[in-house]
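Asker: Got a structure for you, written out below as structure tokens; questions coming shortly.
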Amino acid sequence: MKRQVSFEDTQDSYRFVLVGDGETAFEIGKGTLTFSTNDFYKLFFMGLKEKPEYELVQPADSLQGQAKHVFDTVKAIFKKACDSIDASWFVEDEEQAAESVDALSEESF
Numbered sequence: 001m002k003r004q005v006s007f008e009d010t011q012d013s014y015r016f017v018l019v020g021d022g023e024t025a026f027e028i029g030k031g032t033l034t035f036s037t038n039d040f041y042k043l044f045f046m047g048l049k050e051k052p053e054y055e056l057v058q059p060a061d062s063l064q065g066q067a068k069h070v071f072d073t074v075k076a077i078f079k080k081a082c083d084s085i086d087a088s089w090f091v092e093d094e095e096q097a098a099e100s101v102d103a104l105s106e107e108s109f
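Everything in the sequence shown is counted per full-length UniProt numbering, starting at 1 for the first residue and increasing by one.
In structure tokens:
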């Protein structure tokens with residue numbers, strides 16, 4: 001399922017908000033421009049049940065300067081991360097879980 005991520009250029013930070021998830025956002029502070037890989041992973045990749053697909057929604061106003069650079073960089077990171085995840089990883093986990101349940105049900109206690 002494709003999920004949308006909106007981009008907001010606020011006074012203090014650049015925010016990437018997961019649409020439909022309330023106020024859950026990944027922020028890059030303008031003062032440091034630090035990209036927290038841990039926060040990014042927790043919000044967008046932790047606990048996935050299927051291969052992720054994200055669409056970054058660019059604001060109606062055209063982006064310029066640093067905001068455009070941050071948006072384009074994070075968009076490229078999303079693409080690279082999602083492309084590197086193989087959908088079969090999730091299928092194998094489900095199949096292994098089913099096999100484990102079958103094996104347990106065949107054993108007598």
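Here a beta-carbon is modelled for each residue, glycine too, at the ideal position from N, C-alpha and C.
Output the distance between the C-alpha atoms of Pro52 and Asp12, rounded to the nearest integer angstrom.
Answerer: About 29 angstroms.
Asker: Kindly indicate the opening and closing residues of the beta strand (DSSP E) around Ile77.
Answerer: Careful: Ile77 lies outside any beta strand (DSSP E), inside the alpha helix (DSSP H) at Gly65 to Ser84.
Asker: Suppose you measure from the CA of Ser36 to the CA of Ser62; what does that come to, to the nearest Å?
Answerer: Taking the straight line joining both Cα atoms gives about 26 angstroms.
Asker: Less than 8 angstroms between C-beta atoms, sequence neighbours within five positions excluded: which residues of the same chain meet that for Asp86?
Answerer: For Asp86, where only same-chain residues beyond five positions count, the Cβ hits under 8 angstroms are Lys51.
Asker: Is Leu18 helix, strand or coil when you go by DSSP?
Answerer: Looking at Leu18 - three-state DSSP - the assignment turns out to be strand.
Asker: What separation, rounded to the nearest whole angstrom, lies between the Cα atoms of Val74 and Met46?
Answerer: In a straight line, the C-alpha of Val74 is about 17 angstroms away from that of Met46.
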